[in-house]
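Novice: Structure incoming, see below.
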Amino acid sequence: HHWIFCFAALAVWLALGWPNLKALTTGTMLRGSPVPALWIVPFTIFGAAVLGAILLKLRRSLLWGLLCIQLAAVVAMAIVRPGGSWSIFLVIIAWQVAMTTAPPKALGWVAFQTPALVGTLAKAHPDFGKNGFILGLSVVLQLLFVFTAHALRLEAETARALAQANRELRSAQAILANSVRDAERLRISRELHDAWGHE
Numbered sequence: 026h027h028w029i030f031c032f033a034a035l036a037v038w039l040a041l042g043w044p045n046l047k048a049l050t051t052g053t054m055l056r057g058s059p060v061p062a063l064w065i066v067p068f069t070i071f072g073a074a075v076l077g078a079i080l081l082k083l084r085r086s087l088l089w090g091l092l093c094i095q096l097a098a099v100v101a102m103a104i105v106r107p108g109g110s111w112s113i114f115l116v117i118i119a120w121q122v123a124m125t126t127a128p129p130k131a132l133g134w135v136a137f138q139t140p141a142l143v144g145t146l147a148k149a150h151p152d153f154g155k156n157g158f159i160l161g162l163s164v165v166l167q168l169l170f171v172f173t174a175h176a177l178r179l180e181a182e183t184a185r186a187l188a189q190a191n192r193e194l195r196s197a198q199a200i201l202a203n204s205v206r207d208a209e210r211l212r213i214s215r216e217l218h219d220a221w222g223h224e
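Structure, rendered in structure tokens:
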């Protein structure tokens, strides 16, 4: 699941950024306005922070720092280049948070990051109402990913507990087999001793 998410997150990052990158490099308009060169900075920071959080084994404090950087980068993208499509990046952040912590904290994070982006878009985008559908979709996907991540974490914990129980059972079976073998040797030894004594 981890690597599937890695590839999916990078694919979403590139898919949402590609039209802007293309318009920026060719100097064309995108949705009626030019792409500011400054947009590339938060876009790159977001991608680097996602890669760092996914690929590196970090302490919790550093991981939460990268998650905050990701959210700040999304908000910065919404300021520099207003658009509701950036809210899809919140789904990537929500998944990472949900894989890191319990569902109540993950839902609290979703309840924090979504209004942060919505408030930014409301101030930066005059036609904010047109983004309602994609923002709603983003919220639904964030909730879906939080609960899916929770189910996957429970499954992984159950698998670990089952593997541990299996190891303990095999160890107990080995001890029992040794005990039975020793008891059989002792019985044969006594029978030989009794038979030799009788002879």
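In terms of our numbering, the sequence shown is residues 26 to 224. Ideal Cβ positions, reconstructed from N, Cα and C, are used throughout, including at glycine.
#1: Roughly how many angstroms separate the alpha carbons of threonine 53 and alanine 34, rounded to a whole number?
#2: What does DSSP give as the partner residue(s) for methionine 54 in the beta ladder?
#3: Along the chain, which unbroken stretches of the alpha helix (DSSP H) at least 4 residues long are found entirely within the stretch 132 to 189?
#4: Does the pairing of the stretch 61 to 81 with the stretch 140 to 152 give three or more beta-carbon distances under 8 Å?
#5: Roughly how many angstroms lie between the CA atoms of tryptophan 120 and alanine 208, to the nearest whole one?
#6: So with Cβ pairs under 8 Å, would you call tryptophan 221 a contact of chain C?
#7: Quick one: Cα of alanine 202 to Cα of valine 164, how far?
#8: Taking DSSP as the reference, what is the three-state secondary structure of proline 44?
#9: Measure the CB-CB distance between isoleucine 104 and valine 37 and report whether it falls below 8 Å.
#10: For a quick check, are the C-beta atoms of isoleucine 118 and leucine 92 less than 8 Å apart?
#11: So, under 8 Å CB-CB, valine 116 and leucine 166 are touching, yes? Tell me the CB distance rounded to an integer number of Å.
#12: Using the Cβ count rule (16 or more neighbours within 10 Å means buried), how would you classify alanine 123?
#13: I believe methionine 102 touches tryptophan 111 by the beta-carbon criterion, under 8 Å. Please report the beta-carbon distance rounded to the nearest angstrom.
#14: For a test of the three-state rule: what should DSSP assign to alanine 127, helix, strand or coil?
#15: According to the Cβ coordinates, are isoleucine 159 and glycine 77 closer than 8 Å?
#16: Taking the alpha carbon of alanine 62 as the point to measure from, which residue in His218, Ala74, Asn45 and Arg56 has its own alpha carbon closest?
#17: Roughly how far, in whole angstroms, is the beta-carbon of valine 24 from the beta-carbon of valine 205, given that I think they are within contact range, below 8 Å?
Specialist: This is what the structure holds:
#1: 27 Å
#2: Pro59
#3: none
#4: no
#5: 56 Å
#6: Structure shown: chain C not included; a single protein chain is present.
#7: 57 Å
#8: helix
#9: no
#10: yes
#11: 5 Å
#12: buried
#13: 5 Å
#14: coil
#15: no
#16: Asn45
#17: Nothing can be reported for residue 24, as the shown portion of the chain is limited to 26 through 224.
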